[in-house]
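Peer 1: Here numbering that gives the first Met the number 0 is used: the first residue of the sequence shown is 0, the next is one more, and so on.
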Amino acid sequence: MYFDPKFETMSRGELSQLILERLQSTLNRVARNVPYYKTAFAERDIDPDDFYTLEDITRLPFTTRDVLMQGYPYDLFAVPLRDVVRLHTPSGSSDKPIVVGYTKNDLAKWSSLTARILVAGGVSRDDVVQIAFSYGLLTGGFGFHNGAELIGAAVIPSSNAPSSRQIMIMQDYKSTALICTPSHALRLAEQLENANININALPLRWGLFGGEPWSIAMRTEIEDRLKVTATDNYGISDVMGPGVAGECQHQCGMHINEDHFLAEVINPTTGEPVADGDVGELVLTTLTKEAFPVIRYRTGDLTRIIDEPCACGRTFRRIDKIQGRVDDVFVFRGINVYPSRITRILSEFENASHRFIVELEQHGARDEAALKVEMSEGFFFDQMRVQHEFVKRIEKRLHSELGVSFNVKLVEPKREEEDEPAYTVIDKRHIRH
């Protein structure tokens, strides 16, 4: 068996004991092998052997994205580099990227966890799985690929192929499961309809989607237009990638793989735990990762814990759909984009102000982003050729650095108010509703 299903149905008492034992082991390991945690624990007089209940975790310091970036490239690894067999880099890292390492055992566990998510979503060894996530430094493609192969399913790594090719593959290869962002799924549905392809004639049955916020209404639309059972899944490359949590076919929240991840939900302002069922920031602690363990990592994602039993019989707690971000990062076509990075890129261009507006809209099934950049008073707005060339240079630089395309518009400067923010993000996409 590719994973032992007994863990998913353990009693809460047995599961809590397993989590505590694995937490104690992880804390001892990072205290010995990761200088950052060794110092942080010493400064707070924390002895990993003194943890007797899961509630003791609140004594531990949080790990933030800044900490991970400051550890670039390998300072937070808990094993020698010779034991690392895979390296990934999450999207959206500003300045120095985050480098996440995996040992051979990490990859085996990762495959098992994504296999769990796939099985919960309906996928079996009889399926043909089309994975339309990127196969680059991001984790989405490889994470699901290995899990699907472990199940014994046939895998099509279609990656970021154009929509027309994705549809050709879907038809000719007889895909039964589609894995991608929900917005990409709707673009494919639109292409199928425009090509007058009868969706009912396709063998597609399952859809596992994630990588960006999406609503219940969007799920209903995807299921109606693609004729699939659409399930949500959650992963964060800073921690591992896909496999952290995923929905079963009851579609009532994403089961956290609690035997591998300890999840908390905190008040993002105070850092204190919120009441059961309240929305707050998701915090994750890895329990079994060897190369890159993280302790109380603040994901920045807003959600709530669902404690009620699920009809599927799994005893793992669930998290609700991601309801937004604590910080000002926005997700565009599956990529985390930080406005601070846009500011840094614009600083490379003479006459470009640090002030800008991002407008996100959805045209049909396609997300579009406009970037309105304020220019200095000395810029030549009356010279169209100069303006056009300047816009193209900014667009090319943004795409090269961020991996997404913006429609750049130059606007005249406004008088800065003292309390007015340097940038504004206006999200008009229906996935927010």
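For every residue, glycine included, the Cβ atom is placed at its ideal position computed from N, Cα and C. None of the values given here were measured: they were computed from a predicted structure.
#1: May I ask you to report which of helix, strand or coil DSSP gives residue 0?
#2: Please go through the stretch 230-307 and give each complete beta strand (DSSP E) segment of 3 or more residues, from N-terminal end onward.
#3: Distance check for residue 213 and residue 253, CA to CA, integer angstroms please.
#4: Could you tell me the boundaries of the beta strand (DSSP E) in which residue 339 lies?
#5: Assign residue 349 to one of two classes, buried (16 or more other C-beta atoms within 10 Å of its C-beta) or exposed (fewer than that).
#6: Taking residue 302 as the reference, give the member of 294, 236, 276 with the closest Cα.
#7: Of the choices 225, 4, 177, whose alpha-carbon is the least far from that of residue 155?
#8: Looking only at C-alpha atoms, which of 356, 382, 26 sits nearest to residue 407?
#9: Straight-line CA distance for residue 373 to residue 327?
#10: Exposed or buried, what is residue 321 when buried is set at 16 or more other beta-carbons lying within 10 Å of its beta-carbon?
#11: How big is the Cα-Cα spacing for residue 227 and residue 171?
#12: Could you give the uninterrupted runs of the alpha helix (DSSP H) lying entirely in the stretch 22-51, keeping only those of 4 residues or more?
#13: Which residue wins for smallest C-alpha separation from residue 243, given the options 139, 193, 306, 220?
#14: Rounding to the nearest angstrom, what Cα-Cα distance links residue 35 and residue 211 in this structure?
#15: From which residue to which residue does the beta strand (DSSP E) around residue 378 run?
#16: Of all the options 103, 179, 123, 99, which has the alpha carbon lying nearest to the alpha carbon of residue 130?
#17: Quick one: residues in its chain with C-beta nearer than 6 Å to the C-beta of residue 323, no 5 flanking neighbours on either side, listed in chain order?
#18: Could you check whether residue 56 and residue 261 sit closer than 8 Å to each other, using their CB atoms as the reference points?
#19: For residue 27, tell me which candidate among 313, 386, 292 has the shortest Cα-Cα distance.
#20: Taking contact to mean 3 or more Cβ pairs, one atom from each stretch, closer than 8 Å, check whether the stretch 79-87 and the stretch 99-115 are in contact.
#21: Just curious, the alpha helix (DSSP H) that residue 350 is in, first and last residue?
#22: Which residues bound the beta strand (DSSP E) around residue 112?
#23: Between 272, 426, 366, which lies nearest to residue 185 when the distance is taken from Cα to Cα?
#24: Using a threshold of 8 Å, state whether the C-beta atoms of residue 117 and residue 150 are closer than that.
#25: Measuring straight from C-alpha to C-alpha, what distance separates residue 49 and residue 59?
#26: Along the alpha helix (DSSP H) that carries residue 409, what are the first and last residues, could you check?
#27: Considering only their Cβ atoms, is the gap separating residue 237 from residue 64 smaller than 8 Å?
#28: Residue 72 to residue 95, Cα distance in whole Å?
#29: When we look at the beta-carbon of residue 333 and count the other beta-carbons within 10 Å, is it buried (16 or more) or exposed?
#30: For the stretch 127-174, which segments carrying the beta strand (DSSP E) assignment without a break, of at least 3 residues, lie completely within its bounds, in sequence order?
Peer 2: Let's see:
#1: With a pLDDT of only 43 at residue 0, under 50, the local geometry of the prediction cannot be trusted, and the value read off the model is given with reservation. In the structure shown, residue 0 sits in coil (DSSP, three-state: anything other than H, G, I, E or B).
#2: 240-246, 253-255, 260-265, 279-285, 296-302
#3: 14 Å
#4: For residue 339, there is no enclosing beta strand (DSSP E); the enclosing alpha helix (DSSP H) covers residues 338-345.
#5: exposed
#6: For residue 302, the closest of 294, 236, 276 by C-alpha to C-alpha distance is 276.
#7: 177
#8: Of 356, 382, 26, the smallest CA-CA separation from residue 407 is found for 356.
#9: 20 Å
#10: buried
#11: 18 Å
#12: Runs found: 34-42.
#13: 139
#14: Approximately 31 Å, taken between the alpha carbons.
#15: Unbroken run through residue 378: none, as it is neither H nor E.
#16: 179
#17: Taking residue 323 as the centre and dropping the five residues before and after it, the same chain places the C-beta of 301 closer than 6 Å to its C-beta, in chain order.
#18: yes
#19: 292
#20: Touching, yes.
#21: Counting along the chain, residue 350 falls outside any alpha helix (DSSP H), and DSSP gives it neither H nor E.
#22: Per DSSP, residue 112 belongs to no beta strand (DSSP E); it is in the alpha helix (DSSP H), 103-119.
#23: With distances taken between Cα atoms, residue 185 lies closest to 366.
#24: yes
#25: 12 Å
#26: Per DSSP, residue 409 belongs to no alpha helix (DSSP H); it is in the beta strand (DSSP E), 406-410.
#27: yes
#28: 8 Å
#29: So residue 333 ends up on the buried side.
#30: 127-130, 153-155
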